[in-house]
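Protein chains in written order, with my numbering: chain A, 819 to 1240; chain B, 5 to 330; chain C, 20 to 344.
Glycine included, every Cβ here is placed at the ideal spot set by N, Cα and C.
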Amino acid sequence: MATELTMPQMGYDMKEGTLVRWLKAEGEEVSIGEAVAEIETDKAVVEFESTEAGILHKLLVVEGDVVPVGQAVALVGAAGEEVSIDSEVAPSDSLPSVEEEQEIDEPTPAVDTGPSDVPVQEPPTNLQEVRASPIARRLAAERGVELSQVKGTGPGGRITKKDVLSVEPSQAPTEVPVISSDIESPAPASPVSVADEVVPLTRMRAQIARVTTRSKTEIPHFYVTTQIDMSDAMALRRQINDNLKDDGVRVSVNDLIIKACVNTLKKYPKLNAYFSEEGIELHSAINVGIAIAEEDGLTMPAILDCGSKSLAQIAAASDDLIQRTQSGTLQPDEYTGGTFSISNMGMFEVTSFAAIIQPPQSAVLAVGTVQKIPVIRDDQVTVSEVMNATLSVDHRVSDGAEGARFIVEVKNQLENPLKLVM
Amino acid sequence: MTIAETLDKTLIADLYRQMQLIRVFEERCNVEYQRQNIKGFLHLYVGEEAVAVGAISALREDDYVITSYRDHGHALARGMEPNVVMAELFGKATGSSGGKGGSMHLFDVSRGFMGGHAIVAGQLPLAVGLALAAKIRKEDKVVMCFFGDGAVAEGEFHESLNFASLWKLPVVFLLENNLYGMGTQVERARAGGRDIFTAAEAYSIPALQINGQDVLEVREAAVEAVQKVRSGEGPAFVEAMTYRFRGHSVADPQAYRERDEVDEWRSQNDPINNFRNAILAQEIIEETEFEGIDKQVTEVVDEAVRFAEESPEPSIDSLFDNIYAE
Amino acid sequence: MPEIITREAIRLGLQEALESDDRVFLMGEDIGAYQGSYAVTKGFLEQYGDERVRDCPIAESGIIGAATGAAMAGMRPIVEMMTINFMLLGIDQVVNHAAKLSYMSNGQIQVPLVIRAVTGGGGRLAATHSQNFEGWFASVPGVKVAVPSDPYDALGLLRTAIADPNPVIFAEHSMLYGRRGEVPEEPYVVPFGEAIVRREGADVTLATYGRMVYTSLEAAETLSTRGIEAEVIDLRTLNPLDTDTVVQSVRKTNRVLVVEENWRTGAFSAEIASAVHEEAFDDLDGPVGRVNGFDVPAPYNAKLEDASIPTAERIIEELERLYNP
């Protein structure tokens, strides 16, 4: 068995080196520490001392090649040994170039994701000219004061806390438009608080308030519900998990639902889309968002590019996404890149519920717990494992019939689960 | 006088074993660096082994040793576990500093090894302070402070010699003059030329120059210096003339010296070969016994690499540990 | 409660440490025979002897390095740097050695070292002798920095510094040695990382430390005559830094200026300002202001030097410019 000589690290900042000159030819013997080649780093030409002993069977790079640190440059083995390059190591020209690797690493960007991602709000157009201090804005929102009606006395006409406080509450309009990202919710009509305690909004709470308010005010939701027999899917899942135990992959019920939705979305691209004034913008990638509960709210990070992933890959990606959500190491794309979402309250023993669509998406599937109930099959009462699912759809994008066909196809996939692994 | 008349056989074998351990350990470090298991800077001591081994053999267990960033040899000669040192070089949790120090910053306070210090001459004032503590407490400890010829032009060298001499502190200043401060020949960096021990005389510190490639000569000079220093007479200065067989660090093309010069030192002045040949000639230890030591040393180094490879990475939680003492 | 001056408070702290702990000794330039260039250690040589009150050659790196080495061996050295300006000659030993040894040795080594350094301008000592570097040191992980402004804090913080197992830069402002204040006879300490409100007020927060506490209090008195009540916060230590007390105050006052004697560019005041922006943004009625020394080498001439250091007038002007209160 021949071993590799790899491009040596010759300094902490060295990433690649040029093989300037071979000092040994194929067939010659080398010992550990003996110079086999000259390597040029960006600083100097230095000798490359062999890290292996034996016969230099094969030189894998030619003089002048630039080789990344750690990549094989030669094979060393015992005398008389047959060396097959293919079985030992890929020659350098078949290794992915740096550019190719980057392409592979990069998640496929969602095309036409619509004008705005979730956390980005429209600029406060009606307030751009109003200069107000942060505390003044906060107080104005709390008291229902329209800042454009307040005269600022601070430097440069900035509206200060004092200016807001000097406005009589009765002068304030009863309804305040949502004017900027600093103001999370419509202000109460009365400045007098009736609450005994006010819990300040966390960033996440404010974000959820903004997004759900916008979704429910802008998007006309409709809902379709069905009951799915999960018996076969559950059996398949147990079988898969037994088989994959050694690989460290565990398929969850949710992973099956994701895969069923992905298969179905390929047939119904309008539910993997977003409504804009220009038209219905279809997403090319299927990025499935999954709702993850956190201490003070939830996030909906997306598993990117599910369209090309097998069930096992989805399971691994989903597990990784949950772990990174908990450790706070999600990429920005994963926060905002979802094109369809699934909200699963199975662990709470909820039987059914409806979810709010997360813009820029047009549908979300809400699933409850899988429970054993008596069902009638072939006129016989039998026990099945069933789950209720409710699809919320943006009526501007699609209608009831398509919603129904979609959810029935999801049902069909889950009740004939071999489709999920084929 | 033969070697055997001055030293017992066990000690001779041990001096050889220590030098050979450092040599094999460091040659292996070089390989592991090229394999990217060791990162950052790696300064090897190959060729200078006799200095650390000979000098540290003159110390008691409760004495202090402090040195520069070229510190693997001193650490091993002071008895640090090869496993723990290699694990530190690999950046592992089981390393002497849990992977936070690396090659240049080895510490083992339990053995009085007070560190590799990576700012040139920075360890000299620290040595003065360790000695000051010993003196104030009326302990008869000695501080052996290693440094290279590059440190001699720093102000801290002169400040420290002055402090130690002025306050009669128990420091052995052990200069490893390997003729180059990084790539600058000592004659090109120092007015007064390459015989640096004369500088100590300016601070009224008794000084001598010795052949640093001869472990017995180093040991003899160190024993004498330690004895004198321990008696409370103040510091001593030993200049060991030596040579670095490898570059300053791994990526050194060594443009500043001739290949012939290096080859000559390696062939004529290898401290380990010379010692082994002298002992064989005097028939103190047999060839087979040396082979047994070599084999054992190689096993120790193999085990150190295995230990380092299999050790866990430090946990991210440890990032904030020990910035401050509690 | 007896009233003493800051110099006396520090003397008390040093004497107490020398008498209660054999590991404590003093090192510095002219702390013995000369009696201390600011007379803090007057009489010490006679009282404690030259083993524990060690006059050193003029070699700042050697002094700080030797003290660090002694601390590594378990002693508790207290160094006097005649002025913080001279610490630049020893900064390597502070930053590369004393600050790093605990971390690099993974806790094997502790460096219980106090470096008392005389800081600040205002003494007509010109550019090389009038600087404030305590903010620089506060940015180094592994070092703590205390900045007492009165006798009570000087003694209380010094006690904490000497008991701390880490290197502490104890910055004593040269113009505050003669400042008088009450110091209780019963034992007390001032913990690190706890700022104190020197004056309460509802309208603007002045966050500051060292000599600028008094400049800020002077500005507060003037503002009070105009019906504006300033809250003055003395940070007491820069590392650890108590931003909570400042933020709590800003939540109340909605306006804040950070006042610091040091040059403005890259000053520690920016660190505090940034923390306030991050933690109290929605409570602000305007931008967080900074009043620092101008970016000039300290001039010798009295009129020029006074113009380079923040004054009560400048604090008020900046408050008007940013907040128009």
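Which residues, in order along the stretch 947 to 972 of chain A, keep a beta-carbon less than 9 Å from a beta-carbon of chain C?
Listed by position, the residues of the stretch 947 to 972 of chain A near chain C (Cβ gap below 9 Å) are Ser951, Pro952, Ile953, Ala954, Arg955, Arg956, Thr971, Gly972.
For Gly975(A), which of helix, strand or coil comes out of DSSP?
Helix, per DSSP.
Measure how close the beta-carbons of Asp199(C) and Glu22(C) come, nearest whole angstrom, since I'm counting them as under 8 Å.
For the record, residue 199(C) in the displayed sequence is Arg; it is not Asp. Going by Cβ atoms, the distance from Arg199(C) to Glu22(C) rounds to 5 Å, so yes, they are a contact pair.
Using the beta-carbon of each residue, which ones in chain B are nearer than 9 Å to His116(C)?
His121, Ile123, Gly126, Gln127, Pro129, Leu130, listed in chain order.
Using 8 Å for Cβ pairs, my map puts Gly84(C) next to Gly152(B). What's the rounded Cβ distance?
With a Cβ gap of about 17 Å, Gly84(C) and Gly152(B) do not count as contacting.
Can you round the beta-carbon distance between Leu93(B) and Ile42(B) to whole angstroms, since I take them to be within the 8 Å contact cut?
Confirmed, about 5 Å.
Can you tell me which of the three DSSP states Ser39(C) falls into?
If DSSP states are grouped into helix, strand and coil, Ser39(C) belongs with the helices.
If Ile29(C) and Val59(C) are in contact, beta carbons under 8 Å, what's the gap, nearest whole angstrom?
Right, their Cβ atoms sit about 5 Å apart.
Nearest-angstrom Cα distance between Glu243(B) and Asn181(B)?
Cα to Cα, the separation comes out at about 7 Å.
Drop a sphere of 10 angstroms on the beta-carbon of Pro210(C), count the other beta-carbons inside from all chains shown, and report buried for 16 or more, exposed for fewer.
By the 10 Å Cβ count, Pro210(C) comes out exposed.
Contact between the stretch 175 to 192 of chain C and the stretch 269 to 278 of chain C: three or more CB pairs below 8 Å?
Because the criterion of three Cβ pairs below 8 Å is not met, the stretch 175 to 192 of chain C and the stretch 269 to 278 of chain C do not touch.
With contact counted as at least three CB pairs below 8 Å, one residue from each stretch, are the stretch 15 to 26 of chain B and the stretch 169 to 187 of chain B in contact?
Output reads no: the stretch 169 to 187 of chain B does not touch the stretch 15 to 26 of chain B.
Specify, as a first and last residue, the run of the alpha helix (DSSP H) that Gly133(B) falls within.
Element bounds for Gly133(B): 127 to 140.
Using a beta-carbon distance cut-off of less than 8 Å, what residues from the stretch 843 to 863 of chain A approach chain B?
For the stretch 843 to 863 of chain A, which is checked against every Cβ of chain B, the residues closer than 8 Å are Ile850, Gly851, Thr859, Lys861, Ala862, Val863.
Under 7 Å Cβ-Cβ, which residues of chain C neighbour Glu160(B)?
Ser80, Gly81, Gly84, listed in chain order.
Suppose you measure from the CA of Ser868(A) to the CA of Gln40(B); what does that come to, to the nearest Å?
Cα-Cα distance, rounded: 14 Å.
So which residues on chain C does Tyr328(B) lean against when the C-beta distance must stay under 7 Å?
Going along chain C in sequence order, the residues near Tyr328(B) (Cβ under 7 Å) are Ser121, Gly161, Asn185.
Would you say Arg1023(A) faces chain C, with C-beta separation under 8 Å as the test?
Output row for Arg1023(A): interface = no.
Based on the DSSP output, what are the partners of Pro886(A) in its beta bridges?
DSSP, once it has assigned bridges, lists Glu834(A) as partnering Pro886(A).
Can you tell me which of the three DSSP states Asp301(C) falls into?
Here Asp301(C) sits in helix by DSSP.
Going along chain C in order, which residues have a C-beta closer than 9 Å to the C-beta of Gly185(B)?
Within chain C, no residue comes near Gly185(B); the closest Cβ sits about 17 Å away, beyond 9 Å.
Under 8 Å between beta-carbons, which chain B residues line up against Phe44(C)? List them in chain order, please.
What Phe44(C) touches in chain B: Ile140.
Below 8 Å on the Cβ atoms is my guess for Leu823(A) versus Val894(A); work out the distance and round it to an integer in Å.
Going by Cβ atoms, the distance from Leu823(A) to Val894(A) rounds to 6 Å, so yes, they are a contact pair.
Who are the neighbours of Asp169(C) on chain B, taking C-beta pairs under 9 Å?
Under the 9 Å cutoff, chain B gives no residues; its nearest Cβ is about 26 Å from Asp169(C).
Give the interface partners of Val305(C) over in chain A, defined as CB-CB distance under 8 Å, in chain order.
Val is not the amino acid found at residue 305(C); the sequence shown has Gly there. In chain order: Ser951, Gly972, Pro973, Arg976, Thr978.
What is the rounded straight-line gap between the Cα of Lys876(A) and the Cα of Gln38(B)?
Each residue's alpha carbon lies about 20 Å from the other.
Which of helix, strand or coil does DSSP assign to Asp340(B)?
In the structure as shown, chain B begins at 5 and stops at 330. Residue 340(B) is therefore absent and cannot be evaluated.
Are Ala137(B) and Ala92(C) closer than 8 Å when you measure CB to CB?
Going by C-beta atoms, Ala137(B) is nearer than 8 Å to Ala92(C).
Going straight from the alpha carbon of Ala89(C) to that of Val147(B), what length do you get?
Spanning the two alpha carbons is a distance of roughly 12 Å.
Can you pull the chain C neighbours of Gly105(B), defined as C-beta to C-beta under 8 Å?
Residues of chain C passing the Cβ test: Met123, Ser124, Asn125.
Any Cβ of chain B within less than 8 Å of the Cβ of Glu99(C)?
Not an interface residue.
Which runs of the beta strand (DSSP E) spanning at least 3 residues fall entirely within the stretch 81 to 127 of chain C, listed in chain order?
For the stretch 81 to 127 of chain C, whole beta strand (DSSP E) runs of length 3 or above, ordered along the chain, are 95 to 100.
Using a beta-carbon distance below 8 Å, is Asn166(B) in contact with chain C?
Yes, its Cβ sits closer than 8 Å to a Cβ of chain C.
Where DSSP assigns a beta bridge to Ala1111(A), which residues make up the other side?
DSSP output for Ala1111(A) lists Leu1116(A) as bridge partner(s).
Please work out which residues of its chain come closer than 7 Å, Cβ to Cβ, to Ser910(A), disregarding the five sequence neighbours upstream and downstream, and give them in chain order.
Only weak support is given to the placement of Ser910(A): the predicted model assigns it a pLDDT of 44, under 50, and the value that follows is read from those uncertain coordinates. Contacts found: Leu878, Val879, Asp883, Val885, Gln889.
Hey, quick one: how far does the alpha helix (DSSP H) through Pro826(A) stretch, first residue to last?
Segment: none, Pro826(A) is in no alpha helix (DSSP H) and carries neither H nor E.
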